[in-house]
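In the numbering used here, the protein residues as written are 256 to 437.
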């Protein structure tokens, strides 16, 4: 069983990024267990002084994030761009992953769902993401990275992405990420 961890970079309730990851989880192929991390809003502000090398005294939510990462085979991210970069809360989460080393060598991909109104189509956020993930030693799986422009109207009443072509693209991306773990 391949374990994928899905993390949305958005805290917004109606986020298309979160809806995209819920859809990816719902459509995961047989043999793939996809779990969504939902603790980003509970993480403390990153402070290197609070990240002891031996892990003793580490904040419980940070320890839980790192444990979940450590139990995962691959990581799928979807994040909005905010003010030309990664949202602060998402960057905070990524900062907490550096000291633990769980993403070193881990296959990672992202899905960009920025709509037509986004000036850069999310490119600036994803260049920042590429830089941070490279720093942590993650293995970026280019075949699983996807540009999928969506709007809030593409989210159905069930909270999932509705257009079939978008759903098909998600199945392909999740399959490529899962295949990279073997």
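Note that CB positions come from ideal geometry on N, CA and C, so glycine has one too.
A quick note: this is a predicted structure, and the numbers were derived from the prediction, not measured.
If you draw a straight line from the Cα of residue 295 to the Cα of residue 416, it is about 22 Å long. Residue nearest to residue 409 within the set 281, 257, 272, 400 is 272 (criterion: CA-CA distance). Per DSSP, reduced to three states, the secondary structure at residue 302 is coil, with no helix or strand assignment.
Per DSSP, the beta bridge partners of residue 365 are 332.
Three or more Cβ pairs closer than 8 Å define a contact, and the region 296 to 315 meets that threshold against the region 344 to 364.
Segment contact: the region 332 to 340 against the region 289 to 305, fewer than three CB-CB distances shorter than 8 Å; contact not assigned. By the neighbour-count criterion, in which 16 or more other beta carbons inside 10 Å mark a residue as buried, residue 435 falls on the buried side.
Restricting attention to 346, 278, 398, the CA atom closest to the CA of residue 266 is found in 346. Judged by DSSP in its simplified three-state form, residue 437 adopts coil rather than helix or strand. Contact check for residue 401 against residue 378 fails: the beta carbons are separated by 8 Å or more. Taken in chain order, the whole alpha helix (DSSP H) runs of length 4 or more contained in the region 390 to 416 number zero.
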